[in-house]
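Heads up, the thing below is written out as structure tokens.
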Amino acid sequence: MATKNESKYNWNFFNRIVKDVEENWNIIQCISCGKCVGDCPASKISDFNIRKIVERVLTGDETILREEDIWYCFLCNKCSRICPKEGINIPLFILSLRNEAFKKGYAIPQLTRYINMCKNFLENGTVMKESDLKQERIKEIDKICEFARIQYLYKASKKDIGME
Amino acid sequence: MKDYVDSVVLDPDEILKQYGDNPLEFFKDKTICLFKACLEYYYPGVRNCLKLMLEDFGLNVVTSPEQSCCSGTFFQRNLITRSQFAAINERNIAAIDKIADILIVSCNGCNNSLLRGRKFLRTKEVREKTAIILKKFNQKISINPNLKIIHVLDFLHLIREHIGDHLKYSLNGLKCTVHYGCHYSNLKLDKKNDISFIAPKHKLEDLIETLGGTPIEYQERDSCCGWGASQNVIHREKSLQITFNKLKSAEMVKSDILITNCPTCLYTLNKFRDEMKDLFGEALTIPAVHINEVIGLLMGYECDKYCQLTFGSLLEELKV
Numbered sequence: 001m002a003t004k005n006e007s008k009y010n011w012n013f014f015n016r017i018v019k020d021v022e023e024n025w026n027i028i029q030c031i032s033c034g035k036c037v038g039d040c041p042a043s044k045i046s047d048f049n050i051r052k053i054v055e056r057v058l059t060g061d062e063t064i065l066r067e068e069d070i071w072y073c074f075l076c077n078k079c080s081r082i083c084p085k086e087g088i089n090i091p092l093f094i095l096s097l098r099n100e101a102f103k104k105g106y107a108i109p110q111l112t113r114y115i116n117m118c119k120n121f122l123e124n125g126t127v128m129k130e131s132d133l134k135q136e137r138i139k140e141i142d143k144i145c146e147f148a149r150i151q152y153l154y155k156a157s158k159k160d161i162g163m164e
Numbered sequence: 001m002k003d004y005v006d007s008v009v010l011d012p013d014e015i016l017k018q019y020g021d022n023p024l025e026f027f028k029d030k031t032i033c034l035f036k037a038c039l040e041y042y043y044p045g046v047r048n049c050l051k052l053m054l055e056d057f058g059l060n061v062v063t064s065p066e067q068s069c070c071s072g073t074f075f076q077r078n079l080i081t082r083s084q085f086a087a088i089n090e091r092n093i094a095a096i097d098k099i100a101d102i103l104i105v106s107c108n109g110c111n112n113s114l115l116r117g118r119k120f121l122r123t124k125e126v127r128e129k130t131a132i133i134l135k136k137f138n139q140k141i142s143i144n145p146n147l148k149i150i151h152v153l154d155f156l157h158l159i160r161e162h163i164g165d166h167l168k169y170s171l172n173g174l175k176c177t178v179h180y181g182c183h184y185s186n187l188k189l190d191k192k193n194d195i196s197f198i199a200p201k202h203k204l205e206d207l208i209e210t211l212g213g214t215p216i217e218y219q220e221r222d223s224c225c226g227w228g229a230s231q232n233v234i235h236r237e238k239s240l241q242i243t244f245n246k247l248k249s250a251e252m253v254k255s256d257i258l259i260t261n262c263p264t265c266l267y268t269l270n271k272f273r274d275e276m277k278d279l280f281g282e283a284l285t286i287p288a289v290h291i292n293e294v295i296g297l298l299m300g301y302e303c304d305k306y307c308q309l310t311f312g313s314l315l316e317e318l319k320v
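Below, the structure written as structure tokens:
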């Protein structure tokens, strides 16, 4: 536990999040007022609490990356609209945390439910099964998505691994 | 030079300043492209009704055979990077810029993606990576495209008086609740200032009044539909609680119909009724319809089968 003279803050984790997306620096303005939690849809159906998540990141608590909480955010941006501070972009901050979770191999298994959507997008250029987009144009999408995580899920669609 | 976002946003207030008496005039000599949202696959009436109405108003309407999905759903799950997301949306903007002056977007998610992709270009690192990606197929970032983007609700609101003058039928005082959707209500990118970002939204209610309906308030008016950037895919049962609460709240105030401006929200509000009945033990019957479909129906167009089915019991009341 931190003593009176020690800061409870640890910037290593936060700095990585800022390095991922510079705009995340604005999170430092958070005054922990909790307005963002009041009408948050994710908070209504899970333990997701953005005020606590911000605090844990600022204190360097990386265990947050292992928890399913960060995957509950609806990315609805309501928190940004209600936040008394300017420039705090919670959806972008959450996406950076998920990015870190991916890098550590903590992504949630439910992502396999995206396999068919990824397949449709890379093969048809839409998330639906049918499309009128020409093959030449679809190849451009494939080029754009080179080395992206979407390709891993696409490869999984080629294998019969019993996923949805 | 204009900013990457501002350079593509069509500002309805500016049109009103110049064409206050008849804003439709602004669009008369322009080619209008309708953005193809993936979820319109289930609700073809969303685009068809809008297309028929614009053509009836004498406007030149096209869709782009080159346009792909906006890829918002993949970006929101970190399956593509910001640069890849920006590149996909730049590719779409460039393709549509070749054939049209105005892009009308009937889906909150697609509208958000197009503007968000442009926003990411403000960051040097993302901009450089996006340029490298686009170079693979000899394309560049459009710094100041001719194309201007507008959400369908802002467009319909702008020309609502003209719509009102061309209706064959009326909503006949029908009690209507509205659902704007998070990525319309909470989108800052197309707003000029913080006041217009924070201010309560009213355009759907204004349109409903033009159509002869009676907008009514309900507790969950501003809540999410439950799609939640694919929470419906990841945590279906829990997110359906949000959908259920919304629909139940609209039924509690005895609303006849729930009108939205997003096909993704529409899909969520309609598609899982049976599942919600099994989960929460109550059948919800309030019809949910896209504003384009409502207008199309009142103008006498043939809507898609689903819309006809949804409206079913209301058609007689509306004397359609």
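In the order they appear, the protein sequences are chains A and B. Here the working numbering is used: the first residue of the first sequence is 1, the next is one more, and so on. Here the working numbering is used: the first residue of the second sequence is 1, the next is one more, and so on. Cβ atoms here follow ideal geometry from the backbone N, Cα and C, with glycine treated the same way.
If you run the structure through DSSP and keep just helix, strand and coil, what is Thr81/B?
coil
At a Cβ cut of 7 Å, what residues of the stretch 218-237 of chain B count as close to chain A, listed as they run along the chain?
Ser223, Cys224, Gly228, Ala229, Gln231, Val233, Ile234, His235
Could you check how far apart the C-beta atoms of Tyr184/B and His151/B are, in whole angstroms? I think they sit under 8 Å.
7 Å
Contacts around Leu95/A, its chain only, beta-carbon distance under 6 Å, and the 5 residues preceding and following it disregarded:
none
For Val9/B: DSSP bridge partner residues:
Ile149/B
Which chain A residues are close to Phe137/B, counting only those with a beta carbon under 7 Å from its beta carbon?
Glu140, Lys143
Strictly by DSSP, which residues pair up with Asn60/B?
Thr31/B
Find the residues of chain A that neighbour Asn78/B, judging by a C-beta separation of less than 7 Å, and give them in chain order.
Leu95, Arg98, Asn99, Phe102, Arg149
Comparing C-alpha positions only, which one of Asn22/B, Ala229/B, Ser249/B sits nearest to Ala42/A?
Ala229/B
So, for Phe48/A: in the same chain, excluding its five sequence neighbours on each side, which residues have a beta-carbon less than 6 Å away from its beta-carbon?
Ala42, Asp69, Tyr72
Excluding five sequence neighbours on each side, which residues of the same chain lie with their C-beta closer than 6 Å to the C-beta of Ile242/B?
Cys224, Gly226
What residues are listed by DSSP as bridge partners for Ile104/B?
Leu34/B, Ile150/B
Cβ of Gly125/A less than 8 Å from any chain B Cβ?
yes
Just checking: is the beta-carbon of Ala288/B within a distance shorter than 8 Å of some beta-carbon in chain A?
no
Count the CB pairs spanning the stretch 248-264 of chain B and the stretch 278-286 of chain B that are closer than 8 Å, and state whether there are at least three.
yes
So, at 7 Å on beta carbons, what are the nonlocal neighbours of Leu88/A in its own chain, with the 5 sequence-adjacent residues on each side left out?
Sequence check: residue 88/A is Ile here, not Leu. Within the same chain, Ile88/A has close Cβ partners Asn26, Ile27, Gln29, Cys30, Ser80.
Proximal chain B residues relative to Asp132/A, where beta-carbon distance stays under 7 Å:
Pro65
Three-pair Cβ contact test at 8 Å for the stretch 43-51 of chain B versus the stretch 74-90 of chain B:
no
Please report how far the alpha carbon of Ile64/A lies from the alpha carbon of Tyr4/B, in whole angstroms.
35 Å
Assuming contact is defined by CB atoms lying nearer than 8 Å, are Leu189/B and Arg82/B in contact in what I supplied?
no
Taking only beta-carbon atoms, is Arg81/A less than 8 Å away from chain B?
yes
Distance cutoff 8 Å, beta carbons only. Does Gln18/B sit that close to anything in chain A?
no
Is the beta carbon of Leu309/B less than 8 Å from the beta carbon of Ala288/B?
no
Quick check: Val8/B and Leu147/B, are their CB atoms within less than 8 Å of each other?
yes
Compare the beta carbon distance of Ile216/B and Ser170/B with 8 Å and say whether it is the shorter of the two.
no
Straight-line Cα distance separating Leu134/B from Ile208/B
43 Å
Relative to the C-alpha of Arg66/A, which residue among Asp20/A, Leu97/A, Tyr152/A, Glu55/A is closest?
Leu97/A
Can you tell me whether DSSP reads Ala86/B as helix, strand or coil?
helix
Is the Cβ-Cβ distance between Ala87/B and Thr130/B less than 8 Å?
yes
Can you confirm whether Cys118/A, when its beta carbon is compared against all beta carbons of chain B, has any partner nearer than 8 Å?
yes
Closer than 7 Å by beta-carbon distance: list the chain B residues that pair up with Trp71/A, in chain order.
Ile234
Does any C-beta atom of chain A lie closer than 8 Å to the C-beta of Arg118/B?
no
What are the boundary residues of the beta strand (DSSP E) that Ala229/B is part of?
Premise fails: Ala229/B is in no beta strand (DSSP E) and is neither H nor E.
Closer than 8 Å to chain C by CB, Ser68/B:
Structure shown: chain C not included; protein chains present are A and B.
Cβ separation of Asn322/B and Lys78/A, assumed to be a contact under 8 Å, to the nearest whole Å:
Look at the range of chain B in this structure, 1 to 320, and you will see that residue 322/B is not part of it.
Contact residues within the stretch 79-92 of chain B, judged by C-beta distance below 7 Å to chain A
Leu79, Ile80, Thr81, Gln84, Ala87, Ile88, Arg91
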